[in-house]
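A.B. asks: This is the structure, below, for whatever I ask next.
Encoded structure:
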């Protein structure tokens, strides 16, 4: 895996996401995932950016030039807890209903909405687990799927 | 006094006075109008440009000549969009600039109001940082922060966008204090370990070369650079932005390397075993194809901007820090070491002798720019400020003019903005009314911003302008000759060229013309005698002249075209 995960602490100011994404697109960096949300510190947000090994040094340096970026930490892949949320709407019928829900439950997914001909599942896990879940339910017909972006935190040694 | 409520507009002007700003450049308009009212009573000098791009370049010229903050003010919408070229130009050349723009009223933002543009969004990638003000009380603090960001670290442009209702809103003046900016802490002092590693490489080197640029000038490190080069006998190449950082004429000065660099400067880099790169960014105009650039050299790369280090070329010794502190550190650690560079300097001197810059000016033939430049330099003041446009004439000036002091060579290096010369020269002359300021421009460039001639006349800014008139976009023509089989698509200006002498007169300046060698001295004498008005010299030059040496884009710096004869082998 040539992926690198950056944890970016930023000032929670208007336009900060635009600055980050503008810097990334202007420099032509390869970004696999980007997510952003508030932290426990007031006025500070954290972004998790997943990029490729070859871009990581320049991504760090260019983002560090932004005035609203406070700190960038590259997470150690062996010591990182990573998570992502997924919502998936799958088509079901009388024949498939039981096996779809059973498979989803066995995968640790929660059924959050079930209708006549569809079911919506929510699953939290690593990107690998989410991919596996997607492959598992693909044969039944995925109507819509959305992933929330990867977030990660460093574990204490 | 402190309890008095002021309008946002008054806070802007008071804020600028507090920052000790003495001159600003701008064009008024609807959204910024409130700020122009208190400006009417302020001791700050406002220079009214004829186009916002011009006002931006004026502020850049002011900043490049003084090494201090340049300030420009514009209205919303087209005022702001017209500024963008100058902001991007300042970003590329690391020029400290503060731009203040008016914005439509807060509640109209996003509604496509009259003269509304998304200024903060449009300028995000063209500035070092920008702000949208939401409360009048923030204004003094934001202006102070903006100046701090623009002038420290790697300098650059900062824009402050202020909605019209905020300019009219009342607030108290609260003395601004520089607070901690958690995300902005430029590294100034170099890490001593890295300095030691640099010193080790320098001590081991047989063919060291100082490759220096604009960073020396921003850091005001020219004296330290001179000490380093002279004490240890290390030759110096100065990039386009670094011309004047080390005195031309000194035997260790090799001049500008690169695409149109002189042979010795470019080849010394190729032959060097150690590049001591300070305040440079390995620009493609210097390196040509980076794969073939300085293949025999190790690299020490010092820059105040960490993002420049390793961007184009990996450095054996990366140093983040201000040029002055880096050089001081290196000198201190080198101590009394004696470097054995005499063979290397001999090799360089042989190159200088075998490959001098040359041009041929015939007595009756058309004028050649290098000849005109050399004659002009003989007659002009030693510390005159030379401001250029972009293209052939820019390269000829950089090659043939002898720069001995920093901040005396102003040009648009990174963005390559045609039209820079005249307005930037106005800015420089506004900063130094007693200095000779020479705007040396091409006719293609001049026509992009020539309306600012009336600004110079009205504002009593008596600069000298030489328009090198070859009736063409000369550099475009040169490339079309070499790479496009003489097909001069849209590069000729000749059929509809203005009469520059009449244009000058119409703009309240004096117009002169020279077309032959025999006229050069007399015309320049007249030009230099007139000091109460701007003077423009229409200098008619050879349209077929080409700039050499030349390394074609993407080529190797080992293969340098020295003259037209060499072209046949391409």
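Protein chains in written order, with our numbering: chain P, 6 to 162; chain C, 7 to 576.
Where is the CB? At the ideal position from N, CA and C, for every residue including glycine.
At a cut of 8 Å, does the stretch 164–178 of chain C reach the stretch 131–140 of chain C through at least three beta carbon pairs?
C.D. replies: yes
A.B. asks: Checking contacts by CB at 7 Å: is residue 324 of chain C closer than that to chain P?
C.D. replies: no
A.B. asks: To the nearest angstrom, how far is the alpha carbon of residue 22 of chain P from that of residue 75 of chain C?
C.D. replies: When rounded, the separation of the alpha-carbon atoms in residue 22 of chain P and residue 75 of chain C is 29 Å.
A.B. asks: Mind checking which residues open and close the alpha helix (DSSP H) that includes residue 506 of chain C?
C.D. replies: 506–512
A.B. asks: Considering only the beta carbon of each residue, do residue 468 of chain C and residue 540 of chain C sit closer than 7 Å?
C.D. replies: yes
A.B. asks: Taking C-beta to C-beta, are residue 69 of chain C and residue 31 of chain C nearer than 7 Å?
C.D. replies: no
A.B. asks: Using a Cβ-Cβ distance cut-off of 7 Å, determine whether residue 131 of chain C contacts chain P.
C.D. replies: yes
A.B. asks: According to DSSP, what are the bridge partners of residue 486 of chain C?
C.D. replies: Answer is none; residue 486 of chain C lacks a bridge partner.
A.B. asks: Do you know how far the Cα of residue 44 of chain C is from the Cα of residue 110 of chain C?
C.D. replies: 19 Å
A.B. asks: Residues of chain C with a CB under 8 Å from the CB of residue 62 of chain P: which are they?
C.D. replies: Correct list: 316.
A.B. asks: Between residue 13 of chain P and residue 52 of chain P, which are expected to be in contact by the criterion C-beta below 8 Å, what is the C-beta distance as a whole number of angstroms?
C.D. replies: 4 Å
A.B. asks: If the criterion is Cβ atoms closer than 7 Å, does the pair residue 393 of chain C and residue 437 of chain C meet it?
C.D. replies: no
A.B. asks: For residue 90 of chain P versus residue 50 of chain P, is the C-beta distance shorter than 7 Å?
C.D. replies: Here residue 90 of chain P is not near residue 50 of chain P, since their CB atoms are 7 Å or more apart.
A.B. asks: Find the nearest neighbour of residue 523 of chain C within the set C:221, C:98, C:462, C:374, judged by alpha-carbon distance.
C.D. replies: C:374
A.B. asks: Run through the stretch 44–107 of chain P for me and flag every whole alpha helix (DSSP H) of 4 or more residues, listed as ranges in chain order.
C.D. replies: 61–69
A.B. asks: So, is the C-beta of residue 32 of chain P closer than 7 Å to a C-beta in chain C?
C.D. replies: no
A.B. asks: Looking at residue 303 of chain C and residue 1 of chain C, is the spacing between their C-beta atoms short of 7 Å?
C.D. replies: Here chain C comprises residues numbered 7 to 576, so residue 1 of chain C is not present and cannot be evaluated.
A.B. asks: Run through the DSSP bridge pairs and tell me what residue 308 of chain C is partnered with.
C.D. replies: C:284, C:325.
A.B. asks: Using a Cβ-Cβ cutoff of 9 Å, what residues of the stretch 69–86 of chain P are near chain C? List them in chain order.
C.D. replies: The residues in question are 69, 70, 71, 72, 73, 74, 75, 76.
A.B. asks: How about the stretch 322–330 of chain C and the stretch 218–236 of chain C: do they share at least three Cβ pairs that are nearer than 8 Å?
C.D. replies: yes
A.B. asks: On the DSSP bridge list, what partners appear for residue 470 of chain C?
C.D. replies: Beta-bridge pairing by DSSP links residue 470 of chain C to C:444, C:541.
A.B. asks: Spatial neighbours of residue 158 of chain C within its chain, please: C-beta separation below 7 Å, excluding the five flanking residues on both sides.
C.D. replies: So the list reads 192, once near-sequence residues are dropped.
A.B. asks: For residue 70 of chain C, does the three-state DSSP call read helix, strand or coil?
C.D. replies: helix
A.B. asks: Please specify which runs of the alpha helix (DSSP H), each continuous and at least 4 residues long, are wholly inside the stretch 396–471 of chain C, giving them in chain order.
C.D. replies: 398–406, 427–437, 449–455, 458–464
A.B. asks: Pop quiz: residue 102 of chain C and residue 55 of chain C are said to be a contact at Cβ under 8 Å. What is the actual Cβ separation, rounded to whole angstroms?
C.D. replies: Contact doesn't hold; Cβ gap of about 19 Å is too wide.
A.B. asks: Cα-Cα, which of C:535, C:114, C:33 is closest to residue 387 of chain C?
C.D. replies: C:535
A.B. asks: Using a Cβ-Cβ cutoff of less than 6 Å, which residues in the same chain neighbour residue 88 of chain C once the five nearest sequence positions on both sides are dropped?
C.D. replies: Hits under 6 Å: 58, 59.
A.B. asks: Taking just the CA atoms, how far does residue 81 of chain C sit from residue 38 of chain C?
C.D. replies: Distance between the alpha carbons of residue 38 of chain C and residue 81 of chain C: 5 Å.
A.B. asks: Let's test the definition: count the other Cβ atoms within 10 Å of the Cβ of residue 559 of chain C and tell me whether it reaches 16, buried, or not, exposed.
C.D. replies: exposed
A.B. asks: Give the DSSP-derived three-state secondary structure of residue 495 of chain C in the structure shown.
C.D. replies: coil
A.B. asks: Out of curiosity, what's the CA-to-CA distance linking residue 464 of chain C and residue 514 of chain C?
C.D. replies: 8 Å
A.B. asks: Taking only runs of the alpha helix (DSSP H) that begin and end inside the stretch 153–236 of chain C, which ones reach a length of at least 4 residues, in chain order?
C.D. replies: 170–174, 198–210, 220–224
A.B. asks: Would you call the CB atoms of residue 218 of chain C and residue 284 of chain C closer than 7 Å?
C.D. replies: Contact flag set, yes.
A.B. asks: Can you pull the chain P residues whose beta carbon is under 9 Å from the beta carbon of residue 127 of chain C, in chain order?
C.D. replies: 20, 23, 27
A.B. asks: Kindly indicate the opening and closing residues of the beta strand (DSSP E) around residue 118 of chain P.
C.D. replies: 115–119
A.B. asks: Which of helix, strand or coil does DSSP assign to residue 294 of chain C?
C.D. replies: coil
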